[in-house]
Every structure is written in structure tokens, then in C-alpha cells.
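**Q** Take a look at the following structure, please.
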Amino acid sequence: MLPGTTCVTEAFVAGLLQVHVRADGTVETLCLDFAGENVPLFDAAELRLAAALLCAYHNSLVRQNIEVRDLCVC
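If you read the sequence shown in our numbering, its first letter stands for residue -11, the second for the next number, and so on.
If you want it as C-alpha cells, here you go:
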């Protein structure tokens, strides 16, 4: 889970996502909810983009003083 009132780095978010990567580099059942649609992630290379998007979204909310109550990576 990401902190509700603190900006995060892409590396921090990538570290949280890394637990979903199998030994062969594929991703174990992970999707991004984008505009109400689940977009599946298939390999470790896609996690970098996912981490960057999650980081940017989270940090934009924090900068607007909107407390992030639940931005869960599951």
C-alpha cells in the first residue's frame, strides 16, 4: 500500500510490484484499473510503465492535498 500523504518514487512502487514477478520474468495475475477497465500486465518490463503511471497518479493527488486513502496494488 502506498502512503496516503507522501509522494513516492517510481523505484518504490516498482519494488512493491516486484513481488508479482515470477522467476521466468512473467507477471502473476496483475492488472491496472484504467478508466474502469482492467489492463493486464504480462511481464516484468511492463511493470516499469505501471510503476511510473501509479507513481505519477499518486503524487499528483498528494500535491493537490488530496489524501490517498486506498491506492492498492493487488
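For each residue, glycine too, the CB sits at the ideal point set by N, CA and C.
1. What span of residues does the alpha helix (DSSP H) with C43 cover, start to end?
2. Would L29 and C43 be called neighbours here (beta carbons separated by less than 9 Å)?
3. Quick check on this structure: which residue in F0, Q6, A11, C(-5) has the alpha carbon closest to the alpha carbon of E34?
4. Enumerated in chain order, which unbroken segments of the beta strand (DSSP E) with a length of 3 residues or greater are wholly contained in the segment -8 to 37?
5. What number of angstroms, rounded off, separates the C-alpha of L37 from the C-alpha of V(-4)?
**A** So, to answer that:
1. Counted as a single uninterrupted DSSP element, the alpha helix (DSSP H) harbouring C43 occupies residues 32 to 51.
2. Not closer than 9 Å, so no.
3. Q6
4. 14 to 22, 25 to 31
5. 15 Å
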